[in-house]
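Okay, structure first, notes after.
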Amino acid sequence: PYMRYAEILLNYVEATIEVGDLKDPNLFTFWNAIRNRAGLNDIEDAYPEAMNDQDKLRDLIHRERRVELAFEDLRFADLYRWNEFENAQKRMQHDLSFYGFGAVTRGNLRGGQDLVWPIPQSEIVPIRCWNSIPSGNSGD
């Protein structure tokens with residue numbers, strides 16, 4: 063499977079915000095690269111009030127991922143990771159009852175086991191092999 067470069071940059075930005083490293087020089091450089099490609103202003107110019115506020119930046123990166131990665135089948139993984147899937151599902155059920163149509167016709171969230179995903183075995187095996195691959199660096 064392939065990953066878009068924009069997704070890699072957004073992952074970096076999101077992780078940097080989550081650990082609270084708002085002074086990381088790459089944070090806004092990477093974020094602005096995505097925005098500028100789309101013809102948008104730098105994030106600092108568009109939302110100056112959010113620059114030193116982790117919660118506001120978190121909300122902005124969530125919105126940025128939603129827009130930038132629309133139709134790439136990543137939304138549900140984001141909602142799970144942000145612990146927002148249950149709220150999103152309730153909103154979708156409300157749409158169904160209000161409009162007569164919607165994405166969800168029944169509640170299928172089973173509980174906590176749906177909010178944490180295990181690392182697939184197919185990913186664990188290659189990770190174990192990393193230690194046996196010679197790095198080519200003898201440490202000298």
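The sequence shown begins at 63 in our numbering and counts up by one.
Ideal Cβ positions, reconstructed from N, Cα and C, are used throughout, including at glycine.
Please read these numbers as outputs of a predicted model, since none were measured by experiment.
Query	Result
Touch test, the stretch 110 to 123 against the stretch 72 to 84, Cβ-Cβ under 8 Å, three pairs minimum	yes
Pair within 8 Å by beta-carbon distance, D140 and R127	yes
DSSP-derived helix/strand/coil call for N145	coil
Cα-Cα separation, F90 to I123	11 Å
Of the residues W144, F138, R143, the one placed nearest M154, counting alpha carbons only	F138
E80 - containing alpha helix (DSSP H), residue span	67 to 80
Straight-line gap, N94 to F147 (C-alpha atoms, nearest Å)	28 Å
L84 versus Y142, D115, A150, Y109, residue with shortest Cα-Cα distance	D115
N103 vs R97 beta-carbon contact at 8 Å	yes
Delimiting residues of the alpha helix (DSSP H) encompassing K85	Premise fails: K85 is in no alpha helix (DSSP H) and is neither H nor E.
Of the residues E111, A132, N145, the one placed nearest A68, counting alpha carbons only	A132
Cβ shell of V75 (< 7 Å), same chain only, five flanking positions each side left out	L89, F92, W93, I123
Span separating the alpha-carbon of D86 from that of R125	21 Å
L71 to P110 span [Cα, whole Å]	21 Å
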